[in-house]
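Everything in the sequence shown is counted per the numbering used here, starting at 376 for the first residue and increasing by one. Glycine included, C-beta positions come from ideal geometry on N, C-alpha and C. Worksheet: the structure to be examined is printed underneath.
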Amino acid sequence: MTRPDIRIAFAASDRPEALAARDRLIDLYGSADPASADVIVALGGDGFMLETLHANLQRRTPVFGMNRGSVGFLMNDYNEDDLPERLATAGRAVIHPLQMDAWTGEGAVRTGLAINEVSLLRQTRQSAKLRITVDDRVRLEELSCDGCLVATAAGSTAYNLSAHGPIIPLDARVLALTPISAFRPRRWRGALLPHTARVCFEVLESDKRPVSATADSFEVREVTRVEVRERRDIALTMLFDAGRSFEERVLAEQFAS
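Listed below in structure tokens is the structure:
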């Protein structure tokens with residue numbers, strides 16, 4: 376059988392097993408320059424998969440992850456055999472990141488992109504107080520909580536799920552708005568929003584109850600206002616082994632015990 380002609384670039388986390396795997400795979404298949412590669416193979420865990428996608432926001436090269444980390448929901452099984460054939464038959468999952476615009480007390484605006492979620496978190500022992508507006512309409516006058524997040528479908532099985540938010544199929548075109556340890560209103564469990572929604576968080580009593588905002592790993596401290604929207608114009612591609620699509624993983628996760 377003729378091996379598919381695919382230019383592969385390898386990237387590895389700093390875990391010893393990931394670095395060792397990268398060296399073995401380069402010996403087997405060579406390594407293309409990331410700038411000209413057809414596919415980037417990311418070796419690590421889910422966190423490194425996100426790092427690799429962020430690092431390739433400009434080139435938007437498809438990324439195929441193989442698990443050499445502790446968590447591997449976004450990764451394929453590690454196997455050194457027949458890698459070009461696996462890549463040639465892999466299924467594609469296209470995701471769109473969230474843009475976070477965060478205002479600080481000094482009036483500065485910091486912008487970041489999130490593949491998983493944008494989250495607001497209290498910085499001190501006191502609860503955060505947030506006013507939540509969706510598409511210019513106030514939906515919650517005051518949420519007293521540890522925090523709140525907006526998650527993409529791709530990120531719905533991460534922090535969002537740990538905060539008891541819903542798991543979202545990739546093609547559902549909705550976002551999850553999920554409170555983190557809500558105190559008042561105690562029974563509010565969050566909402567599903569159209570993917571076109573613009574969400575605004577206003578931090579109430581920000582001087583007394585400071586709040587930080589994060590877009591994946593990008594953090595802004597002591598924010599006063601945060602706006603979140605989907606960037607549909609940015610499309611990032613993850614590759615999954617045939618028969619183990621991202622959609623199937625999301626479905627299976629909903630029946631996990």
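Query: Strand pairing of R506, partner residues [DSSP]; Result: E577
Query: With 16 other Cβ atoms within 10 Å as the buried cut-off, status of E605; Result: buried
Query: Cβ neighbours of F593 in the same chain (closer than 7 Å, five flanking residues each side left out); Result: G487
Query: C-alpha distance - L550 paired with S531, whole-angstrom precision; Result: 9 Å
Query: Proximity below 8 Å, CB of A387 to CB of A393; Result: yes
Query: C-beta contact flag for E365 and N535 at 8 Å; Result: Residue 365 is absent from the model: the chain starts at 376 and stops at 632.
Query: Spatial distance of R514 from E577 (CA atoms); Result: 12 Å
Query: A529 versus M613, L400, S406, D398, residue with shortest Cα-Cα distance; Result: M613
Query: Distance between beta carbons of E597 and T479, contact taken as under 8 Å; Result: 6 Å
Query: Through-space distance from E460 to F439, alpha-carbon basis; Result: 13 Å
Query: Check whether A396 and L428 have beta carbons under 8 Å apart; Result: no
Query: Paired residues, beta bridge with I415 - DSSP; Result: A384, V438
Query: Chain-order list of residues whose beta-carbon lies under 6 Å from that of S581 (same chain, five-residue window excluded); Result: T599
Query: Cβ-Cβ distance between A465 and D591 below 8 Å; Result: no
Query: Through-space distance from A407 to R382, alpha-carbon basis; Result: 6 Å
Query: Range covered by the beta strand (DSSP E) that runs through A410; Result: It is not in any beta strand (DSSP E) - A410 carries neither H nor E in the DSSP assignment.
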